[in-house]
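Only one structure is covered here, and it is reproduced in the block below.
There are 2 protein chains.
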Amino acid sequence: MSSHDKGRFITIEGIEGVGKSTALRLAGEVLKKENVPTLLTREPGGTPIAEFIRQNLLNPNIDEKLLPESELLLMFAARAQHFKNVILPAINEGTWVVCDRFTDATYAYQGAGRGIDRERIAWFESWVQNEMYPDLTIILDAPVDIALQRAKKRSLPDRFEQETHQFFERVRECYLQRAEEWPTRYEVIDATLPLDEVQEHLKNLLHRWV
Amino acid sequence: MSSHDKGRFITIEGIEGVGKSTALRLAGEVLKKENVPTLLTREPGGTPIAEFIRQNLLNPNIDEKLLPESELLLMFAARAQHFKNVILPAINEGTWVVCDRFTDATYAYQGAGRGIDRERIAWFESWVQNEMYPDLTIILDAPVDIALQRAKKRSLPDRFEQETHQFFERVRECYLQRAEEWPTRYEVIDATLPLDEVQEHLKNLLHRWV
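Top line first, the protein sequences correspond to chains Y and D.
Take 1031 as the starting number for the first sequence in this note's numbering and just add one per residue.
Take 1031 as the starting number for the second sequence in this note's numbering and just add one per residue.
Structure (structure tokens):
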């Protein structure tokens, strides 16, 4: 997603408890200081329809098991709205978009986690995103035990946080694998480092892009 | 979807105002008289999650335009829940399922109506339905003017009923084309005939299957 008058598209990924929200806020501050017009957003969500899907369907409000296929379809329905109605117009007018989770999370959670084929997800991705992808994906990485311990302190477990340890091992493994396959698009930050070091790493990374 | 201890899967299709609900009820009565265990259902809907999607996302409750891609994704999310949690288990235990609209409606409305490729819909269909298809699809056919006139008398227009005349011409054309392509699966009933003739036609059709 390049060309010089356009904004950049940066996504922040990682399992629960690695500090994505803090990283998102910090990225916003760094870019603001550089006078870069910035939009901070999140997935699933970012538009009224997508937030509605997140709140009511991807969280267990209804007494019926959500199938992995339906979960995938709902994720991409929310993403289509977010990408085409919010992200793409912002980027086209020169705004940098920083998004807490995007399609890498689908590969990790619905793919590696729930067992849906990677090729199938790629088919959805290329259709819904018109073959456009993030410029930079920052993966905050930590061992599953440490990350989940942090996530537990924070709030009630959501539907994903109720998953098994093995589920999150597969999710983490998928993120790291993707970073290894496409080193130019991905940056892995060790989220077990002291907070100021993580922030320093993130700042340097963003400054390289501004 | 055959084999002798299993139930049959019958779908009823057609544009607004052709009498699908009446036909569904009648089909239920005919099969009941024959002591065939029957489930009458509808799409989008038929499960708590699918009905929720119908009521809240496929009808205009949220102030954001629903994109054609998202509409398609939501239709298939609802269908996955309905097909795998309700229709398939019923058929497997010997129940006949009669459904007011199914995937033909997706070809007609999201495909011919909104312009999404037929091949793309076929890809979703084969995935979500595990390559299983209705045994019999009854298309109630009437010219668009007559059908919409009837639909208007009945209730407030829904999101689809607000579409243009041309939209419904394309939808009707798609239904008729499918019936022509696969004459063994489809039966077209002229919905402009007097009600008792339509019902007679439907009865004869079902008796051939029982």
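By construction, the Cβ of each residue, glycine as well, lies at the ideal position given by its N, Cα and C atoms.
Computed from a predicted model, the values in this text were never measured in an experiment.
With 16 or more other CB atoms across the displayed protein chains lying within 10 angstroms of its CB, serine 1100 of chain Y is buried. Fully enclosed beta strand (DSSP E) runs of no fewer than 3 residues occupy 1166–1171, 1216–1220 of the region 1163–1234 of chain Y, in order along the chain.
Contact note: lysine 1183 of chain Y does not reach chain D at a C-beta cutoff of 9 Å; the least C-beta distance is about 32 Å.
Per DSSP, aspartate 1130 of chain D is one residue of the beta strand (DSSP E) stretching across 1126–1130.
As DSSP reads the structure, glutamate 1043 of chain Y sits in a beta bridge with Y:Ile1169. Near chain Y, meaning a CB-to-CB distance below 7 Å, the residues of the region 1089–1111 of chain D are Ile1092, Asp1093, Glu1094, Leu1096, Leu1097, Glu1099, Ser1100, Leu1103, Leu1104, Phe1106, Ala1107, Ala1110, Gln1111. In terms of CA proximity to leucine 1056 of chain Y, Y:Glu1230 leads the group Y:Arg1238, Y:Cys1204, Y:Val1240, Y:Glu1230. Interface residue (Cβ-Cβ distance to chain Y less than 8 Å): leucine 1087 of chain D is classified as such.
If you draw a straight line from the Cα of isoleucine 1219 of chain D to the Cα of isoleucine 1168 of chain D, it comes to about 7 Å. A direct Cα-to-Cα measurement between glycine 1049 of chain Y and glutamate 1081 of chain D gives close to 36 Å.
Closest in alpha carbon position to arginine 1131 of chain Y, among Y:Ser1156, Y:His1112, Y:Glu1123, is Y:His1112. The beta carbon of arginine 1200 of chain D sits closer than 6 Å to the beta carbons of Ala1142, Gly1143 from its chain, once the five residues preceding and following it are set aside; these are given in chain order. Within the model, the alpha-carbon separation for alanine 1110 of chain Y versus threonine 1133 of chain D is close to 21 Å. Across the region 1157–1175 of chain Y, CB contacts with chain D closer than 9 Å involve Trp1157, Val1158, in sequence order along the chain. When only Cα atoms are considered, tryptophan 1153 of chain D and aspartate 1147 of chain D end up about 10 Å apart. Taking C-beta atoms as the reference points, isoleucine 1079 of chain D and leucine 1087 of chain Y count as a pair closer than 8 Å. Here DSSP, grouped into helix, strand and coil, assigns arginine 1144 of chain D to coil. Within the same chain, Val1174 come within 7 Å of histidine 1195 of chain D by CB-CB distance, once the 5 residues on both sides are set aside. Membership of threonine 1136 of chain D in the alpha helix (DSSP H) is indicated by the continuous run 1133–1136. Per DSSP, arginine 1055 of chain Y is one residue of the alpha helix (DSSP H) stretching across 1050–1063. Alanine 1138 of chain Y and isoleucine 1151 of chain Y have their C-alpha atoms some 10 Å from each other.
Residues of the region 1053–1069 of chain D whose Cβ lies closer than 7 Å to any Cβ of chain Y: none. At the C-beta level, isoleucine 1042 of chain D and tryptophan 1126 of chain D stay beyond 8 Å of one another.
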